[in-house]
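Report on the following structure.
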């Protein structure tokens, strides 16, 4: 099993701060929120903009300490770490097909095609599948299909 949420890394290595790289991800997420839409437990914020001030509903049991970063927030008590958000995120899909490299390159430079890319992500059906429909497949016994050796008549 993989670790789903990693927010920070603690180190004593001397690091120099650098400016963040604009990969176009935030522009995409402002509008489409594919991860929040697909979250089965509703643990991800559907806010249009990332915020510093978080509604207490999103921080159950937390101390009254302000957040130090602007982000879309997650309710850890609602989340059951199914990784559905990671599975549907266009920025975490495999890059086996050359079209994925084209999409990533386009998103980093312009946001004109973001709507098209979001709809394609939904159409391709990345993410969790309906477990009940798996049982409806016509799967051959022991994985051996006899359809190729059957006589057609």
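Residue numbers (UniProt numbering): 1 to 153. Don't be surprised by glycine CBs; every beta carbon is placed ideally from N, CA and C.
In terms of Cα proximity to residue 88, the closest of 121, 24, 97 and 116 is 121. For residue 88, the uninterrupted alpha helix (DSSP H) segment begins and ends at 84 to 88. Contact check for residue 33 against residue 114 fails: the beta carbons are separated by 8 Å or more. Taking each of 136, 9 and 71 in turn and checking the Cα distance to residue 25, the smallest one comes out for 71.
For residue 78, no alpha helix (DSSP H) encloses it, and the DSSP letter there is neither H nor E.
For residue 51, the beta-bridge partners assigned by DSSP are 71. CA-CA distance, residue 40 to residue 102, rounds to 30 Å.
When C-beta atoms of the region 36 to 53 are compared with those of the region 72 to 86, three or more pairs fall below 8 Å, so the two segments count as touching. Secondary-structure assignment with DSSP links residue 44 through a beta bridge to 74. Annotation: the continuous alpha helix (DSSP H) that includes residue 109 extends over 98 to 109.
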